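In the UniProt record's numbering, the protein residues as written are 1 to 480.
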């Protein structure tokens, strides 16, 4: 290979261009000064604006909007004026300049589209472009109403493609939340640096041990390694994680982030009123339930964000997504809870409507299973995206809806895996079909588990992050 000075005019320059008959080659110009004197700027080649930050809900290419049920018989002008919605919701939409989208029950394609009456558009939920213009669907969406008014299925379909929250409050509780939201919790005393993690571990070979090991303990480990955080861990492995210990940790620490893992109450199945009153309440080491009203006598959420790894901690639907999949006590429990119809659980409703409201609550509409937390063939933990969401993103001050995006991201791949396994299952027979059947079930259940983890509260809320501070150390003062 011939070598020589890089800009020697006699030195041949080869390119990867093809003239049609041979490679294109050349040499440097004798005088390079004119070329070197010219400015190097990509701005001269394009006038394209910089893309919006995907978490900037105020940007028109991102946007914030409201989803609400369309009342039967309402006219277009009435719907555009939001005459059917509470005053607090109207002032929230007006203050944010948001678009309003209506869920129309019983209409053709109502499960896949929403109606924007002001923009005369009916966007297709899974694939419509983001933004605030007519025909678009904002990236951040707040569903207003209980799940009997706007079904959980709408929120679950949107979770993988939008940042979605739900507000199921009315009256004084709604006013408190909207006031705090519009005021951005300006008087909050919740402490960014003092997260609380509470993990029940019954130490009896059941799922609380696994949840402690793959959810709570790793999250606490991430926080503990952060020089700016001073987390509290009520660890059920080494102490009894009781209601009293959780209440004391919250009242003492005043955390801006709370993470809990425990069972969620789903009984008694033969008493619907009692089951509705206690649905999803956290079950402590002694099998006592966390009563939200008792908790609020000792602690106010004051702008915290709470993640609860517990069955039905966010609510339940009128028909379980897993109906017909299981047998025995699990099948009876799923069927029994479904008799309540679509509901939001009492704990998040109480916290979001408190005197000093919670910013957001992240919980489950269905149970979580041991084999959706770790992959059965090799016991690989499947909670890394949750740790990314709740530590890396939330503590950077990103909106909770955007922070949770990595957690929902695998849903599409899992559903693709389900369809691939289904095709394989349909083309094999006997024992050879067993692995594809296993993957069909596993992929579908795990996708549903991710999608049915929901945000209650506005998806744009974020915990304020203080400026970086130099922490005291043993060597402080030795050098300046």
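Note that the Cβ used here is the ideal one computed from N, Cα and C, for glycine as well.
Please read all numbers here as calculations on a predicted model, not as lab measurements.
| Query | Result |
| --- | --- |
| Assign residue 139 to one of two classes, buried (16 or more other C-beta atoms within 10 Å of its C-beta) or exposed (fewer than that). | buried |
| Counting only the same chain and skipping the five closest in sequence on each side, list residues whose C-beta sits under 6 Å from that of residue 240. | 285 |
| Against chain B, does residue 227 count as a neighbour if the rule is that its beta carbon must be under 8 Å from one of theirs? | Note that chain B does not occur in the displayed structure, where there is just one protein chain. |
| By DSSP, does residue 27 sit in helix, in strand, or in coil? | strand |
| What does the alpha-carbon distance come out to for the pair residue 463 and residue 363? | 18 Å |
| Roughly how far, in whole angstroms, is the beta-carbon of residue 231 from the beta-carbon of residue 195, given that I think they are within contact range, below 8 Å? | 5 Å |
| Could you compute how far the alpha carbon of residue 205 sits from the alpha carbon of residue 237? | 12 Å |
| Bridge partners of residue 238, per DSSP? | Bridge partners of residue 238: none, in fact. |
| Apart from the five residues on each side of it in sequence, which residues of its chain come closer than 7 Å, Cβ to Cβ, to residue 44? | In this prediction, residue 44 scores a pLDDT of 46, lower than 50, which makes its location untrustworthy; no coordinate-derived value is stated. |
| Can you tell which of 209, 53 and 68 has its C-alpha closest to the C-alpha of residue 61? | 53 |
| Out of curiosity, what's the CA-to-CA distance linking residue 155 and residue 164? | 7 Å |
| I'd like the ranges of any beta strand (DSSP E) spanning at least 3 consecutive residues and lying wholly in the stretch 92-168. | 99-103, 140-144 and 163-167 |
| Please name the residue, chosen from 349, 145 and 383, that lies closest to residue 222 on a Cα-to-Cα basis. | 383 |
| Which same chain residues end up closer than 8 Å to residue 500 when comparing Cβ atoms and leaving out the 5 residues on each side of it in sequence? | Look at the range of the chain in this structure, 1 to 480, and you will see that residue 500 is not part of it. |
| Hey, how far is the Cα of residue 368 from the Cα of residue 338? | 16 Å |
| Rounded to whole angstroms, what is the Cα-Cα separation between residue 345 and residue 190? | 24 Å |
| Taking the beta strand (DSSP E) that residue 261 falls in, what are its first and last residues? | 257-261 |
| Runs of 3 residues minimum, wholly inside the stretch 359-441: which ones carry the beta strand (DSSP E) assignment? | 360-364 |
| In chain order, what residues of the same chain have a beta carbon less than 7 Å from the beta carbon of residue 249, not counting five sequence neighbours either side? | 196, 198, 232 and 234 |
| Does the separation of the CB atoms of residue 459 and residue 400 fall below 8 Å? | yes |
| Considering residue 349, what are the terminal residues of the alpha helix (DSSP H) in which it resides? | 346-352 |
| Taking Cβ to Cβ, would you say residue 129 is nearer than 8 Å to residue 113? | no |
| List in chain order: all unbroken beta strand (DSSP E) runs of 3+ residues lying wholly within the stretch 173-252. | 196-199 and 232-235 |
| Quick check: residue 160 and residue 420, are their CB atoms within less than 8 Å of each other? | no |
| Would you please state the rounded distance, in angstroms, between the beta carbons of residue 283 and residue 265? I believe it to be under 8 Å. | 6 Å |
| Within its chain, find whatever has a CB closer than 6 Å to the CB of residue 333; leave out the 5 residues flanking it on each side and keep chain order. | 266 |
| Using 10 angstroms around the beta-carbon of residue 186, count the other beta-carbons present and answer buried if the total reaches 16, otherwise exposed. | exposed |
| Once DSSP output is grouped into helix, strand and coil, what is the label at residue 337? | helix |
| Which of the three DSSP states, helix, strand or coil, is assigned to residue 254? | coil |
| Spatial neighbours of residue 148 within its chain, please: CB distance less than 6 Å, with the 5 preceding and 5 following residues excluded, ordered by chain position. | 342 |
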